[in-house]
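Protein chains in written order, with the working numbering: chain H, 161 to 319; chain W, 161 to 319.
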């Protein structure tokens, strides 16, 4: 899995802490974790394409969450970065070779594909059940003053 | 995910149909689905390394399942081909940058990593709950005479 998933998750959690009043530039988001700005920007654009963040131009511009963190799941972020495809892609090899089963002779779903998809659905279900707001809530349980800390860090020039 | 996962699953199901009395060469396993023999052989070697199949040399040699298909899960096959690593690998970026959280200042498990692992565990659990014998049983439900068909196909020269 693309390392951008981890980056995007942390950025979303941090943007949820910063709140909707303040936009954060890609440069500041990158500097916070010492990430390459151009490459992080690609991930942020992917989040923007999927309507997870919005970007605004200008001197006070930057990125904000596009909707409340309660409505952004971990699955949304993974899908934005990794694409919507399943990790396992059935190439239907049973339709190949000298004994190929045609769609007419065997229209039934491949049982291996079925098992793999079942597992992927379980994975998706878990990720869809956790939101950025859930993670933020747990962060604030551990460190109640964290919102102010993060806001301050992003508002100064030092990233 | 490597296409070898699908190949390996089909080979294991077919070997379970063939049964322990008959070994099948990589060439025959490959010809059945019109797969490249050398590349399939790599997957079969990976299955052998993990104790899922055994290979025997000689004119009547080839591959057999190394244990009953009731004791080979889909997870075993995926792990043999893909390796045991999680798809998401946390690089701990929170320990990077000017505000890096040290292991002393914040020893707690990263909550994003925790969420991702929770989902991977759900995926693993599903795959670990399905065996090659389960798939074979469903195949035979759909096509009761399939064991004989597959045995015959592999026993002839035509693969």
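C-beta atoms are modelled at their ideal positions from N, C-alpha and C, and glycine is treated no differently. These figures come from a predicted structure and were not determined experimentally.
- For the pair residue 172/H and residue 268/H, the Cα-to-Cα distance works out to about 42 Å.
- For residue 202/H, no CB of chain W lies under 8 Å from its own CB, so it is not counted at the interface with that chain.
- Sixteen is the threshold: when 16 or more other Cβ atoms of the shown chains lie within 10 Å of the Cβ of residue 229/H, as they do, the residue is buried.
- Going by C-alpha positions, residue 247/H is about 5 Å away from residue 161/W.
- Beta-bridge analysis with DSSP links residue 315/H to no other residue.
- Around the beta carbon of residue 286/H, 16 or more other beta carbons sit within 10 angstroms, so the residue counts as buried.
- Every unbroken stretch of the beta strand (DSSP E) spanning 3 or more residues and falling wholly within the segment 190–220 of chain W is given here in chain order: 213–216.
- Looking at the backbone, the Cα of residue 165/H and that of residue 238/H are separated by about 6 Å.
- Proximity to residue 289/H across 231/H, 251/H, 304/H and 274/H peaks at 231/H, based on C-alpha coordinates.
- Taken atom to atom, the span from the alpha-carbon of residue 281/W to that of residue 236/W is near 14 Å.
- Using a Cβ-Cβ cut-off of 8 Å, residue 164/H does not count as an interface residue toward chain W, since no Cβ of chain W sits closer than that to its own.
- Bounds of the alpha helix (DSSP H) holding residue 164/H are 164–178.
- DSSP places residue 275/W inside the alpha helix (DSSP H), whose first and last residues are 271–288.
- Counting other Cβ atoms within 10 Å of its Cβ, residue 176/H reaches 16 or more and is therefore classed as buried.
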